[in-house]
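Note that our numbering has the sequence shown beginning at 1457, numbered continuously upward.
Cβ coordinates follow ideal geometry from the N, Cα and C atoms, glycine included.
Beneath this line is the structure, given in structure tokens, with notes to follow.
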Amino acid sequence: MPVLTTPVTTNKFVDGEGNKTQQHSDTAGIALQLRSVTKIYTNTSHALLDVNLQVKHKEFLFITGPSGSGKSTLLKLLYGAELATQGEVIVHDCNLATLRGDRLSLLRRRIGIVFQDYKLIPQRTVAENVTFVLQAQGYTRKEIQRRLEPTLKLVGLLAKADRFPDQLSGGEQQRVSIARAIVATPPLLLADEPTGNLDPDNSWQIMQILEKLNSFGATVIVTTHDEQLVRRCNHPVVQVRDGKLYRK
Ligand SMILES: Nc1ncnc2c1ncn2[C@@H]1O[C@H](COP(=O)(O)OP(=O)(O)OP(=O)(O)O)[C@@H](O)[C@H]1O
Ligand SMILES: [Mg+2]
């Protein structure tokens, strides 16, 4: 179960400069932590207010909550697209507040991200969209080929590898974005509304893929509005409401 922890301020982690610091006693089993985290965007009220959360490795966690409640913000803090206004965000023992440049890139390589709006490159094929990041990270052509086929197979798109995004349905585009997020087998997968705008069958297919990844050992965090889907899957749920987290 995820833990909505009370803040602990005495423990330390590896900081952005790689300095060894005092370790939390449970650190080996913990994938990520938010400690007294507040996020305030410029000119807005708080998106998150003094929240605490602890997720263990290999957990599968749903984050629910109304539109605008802070679900995407929470994920953005976890992959360093946004910085906390206050508090600490610790992912794989790295403190996001002090992580810069290469070290942030290295951490991001260990996080697969499924974006709420897919973010596919329209001029590239399915295969190219999926392998683009591997190429940028210097994987060999052989290694890229070795990874591509089973990944496309897993998301059911092997036969459509040469299509362009605008030749795919919404559900298929979403599966491309999942393939791209998982092709490098990251130990942590963050999926922001991966079933948004999909019909129940497609949503269920997506969930099966995410559950399979989790069964392979990845920690998976999924934001969703889909209460039915949450009920159908037997995973812990944290709700974001008025900037606070509640266990459901
Ligand atoms: N870049 C930004 N600048 C200013 N305010 C922002 C920014 N991004 C989000 N917000 C605000 O922060 C709050 C939380 O937004 P967030 O996108 O995290 O919500 P959400 O729960 O993901 O919503 P949805 O379910 O609609 O995707 C909202 O009030 C939103 O308007
Ligand atoms: Mg969102």
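Span separating the alpha-carbon of residue i from that of residue j
i: S1523; j: A1487; result: 26 Å
i: V1511; j: P1650; result: 20 Å
i: T1494; j: G1543; result: 6 Å
i: S1671; j: F1516; result: 10 Å
i: A1553; j: Q1661; result: 36 Å
i: T1541; j: R1559; result: 21 Å
i: R1602; j: P1642; result: 16 Å
i: G1699; j: S1525; result: 6 Å
i: V1505; j: S1492; result: According to the sequence provided, residue 1505 is Leu. The question's Val does not apply to it. One C-alpha to the other measures close to 8 Å.
i: E1538; j: E1599; result: 32 Å
Proximity to residue i [Cα-Cα], best of the options
i: T1587; options: Y1574, D1573, T1607; result: T1607
i: Q1630; options: L1517, Q1601, F1571; result: F1571
i: Y1497; options: L1530, I1519, E1515; result: L1530
i: H1513; options: I1677, K1668, L1552; result: I1677
i: V1705; options: P1656, I1638, I1567, L1654; result: Residue 1705 lies beyond the stretch modelled for the chain, which goes from 1457 to 1704, so this question has no answer here.
i: R1580; options: Q1684, L1624, G1699; result: L1624
i: H1548; options: A1617, E1538, L1562, G1557; result: L1562
i: R1688; options: K1700, R1697, V1696, E1667; result: E1667
i: A1635; options: V1696, L1669, N1508, V1507; result: L1669
i: L1685; options: G1673, D1657, T1675, L1701; result: D1657
i: Q1695; options: L1604, T1520, L1555; result: T1520
Closer than 7 Å: residue i CB and nearest ligand 1 heavy atom
i: E1649; result: yes
i: Y1497; result: yes
i: K1700; result: no
i: S1523; result: yes
i: V1696; result: yes
Residue i burial status per 10 Å Cβ neighbour count (16 or more: buried)
i: A1615; result: exposed
i: A1484; result: exposed
i: P1458; result: buried
i: K1575; result: exposed
i: N1499; result: exposed
i: S1633; result: buried
i: Q1664; result: exposed
i: Q1591; result: exposed
Bridge partner(s) assigned by DSSP for residue i
i: R1697; result: K1700
i: D1549; result: Answer is none; D1549 lacks a bridge partner.
i: I1647; result: Here the sequence assigns Ala to residue 1647, which means Ile is not the residue at that position. Beta-bridge pairing links A1647 to V1570, V1678.
Proximity test, residue i beta-carbon vs ligand 2 heavy atom, cut-off 7 Å
i: Q1630; result: no
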